[in-house]
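Enquirer:
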Amino acid sequence: MNKYLAVIMMIIILVGCSRHRNIEQLLLVIGVGMDSLDTVNEKTSQHNLMLTHQTLISPDRGGVSSSSSSPYKNIVTKGPTVHEITRNIALKQDPLFSQHQRILVFGETAGKTFKLDSLMDQLARDNEIRRSCLVFVTNGQAKAILTIKGMDTPPVNVIYDLVENRYRTNKILPTLSLGEI
């Protein structure tokens, strides 16, 4: 009887790692920017959307080994909906891993062109994106904020840390997380 119990326990323990993913094969998303494009999709007759995913580069991929390279990479994709864009990324490269996403930035044109609930629908349904992700709106393009040159740290981390300075100035509005929206 104890032998059977031991065999059953071993099977349960060994099966636990069957869906593992190597960290070197994941694109760790730390921030997403959404912008509206001037082009119109022929299928839906709606404006196209541009997503900028800021991902960390692992040292195994040659990201931070040299001093001239950046510790992050921006992946810019275009399409009619957030759902279609995120699914098409997996066809071209490693899948996105959004559980470490810190911020979501809406460009001014995206907020005016699209309804906020249509942009947020896929993000709210996606169970990988954490609800504590901070949401921002910018006057210009979100892509421009996520592509600041000459920084040792990813721009997402700088933006996230600037929120801590809220008590020093009244120009920083209270933060809203994805879960609060």
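This note's numbering puts the last residue of the sequence shown at 191; the count rises by one with no breaks. For every residue, glycine included, the Cβ atom is placed at its ideal position computed from N, Cα and C.
(1) For Ile113, list the residues DSSP reports as bridge partners.
(2) Closest by CA to Thr123, which one among Leu24, Met44 and Ala16?
(3) Is Pro184 buried or exposed, if buried means 16 or more other CB atoms sit within 10 Å of its CB?
(4) Measure the CB-CB distance between Thr65 and Leu37 and report whether it falls below 8 Å.
(5) In terms of DSSP beta bridges, what is Thr49 paired with?
(6) My assumption, with CB atoms under 8 Å, is that Ile4 sits in contact with Leu188. Please give the rounded CB distance.
(7) Determine the burial state of Val17: buried for a count of at least 16 other Cβ atoms within 10 Å of its Cβ, exposed for fewer.
(8) So, does the segment 144-151 touch the segment 104-123, judging by three or more C-beta pairs under 8 Å?
(9) Have a look at Leu186 and Met19 and give me their C-alpha separation to the nearest angstrom.
(10) Kindly indicate which residue of Tyr177, Arg135, Pro90 and Arg141 has the alpha-carbon position closest to the one of Arg112.
Expert: Reading it off the structure:
(1) Gly41 and Leu144
(2) Met44
(3) exposed
(4) yes
(5) None; Thr49 has no bridge partner.
(6) Summary: the structure shown does not reach residue 4, with the chain confined to residues 11 through 191, and so no result is reported for it.
(7) exposed
(8) yes
(9) 45 Å
(10) Arg141
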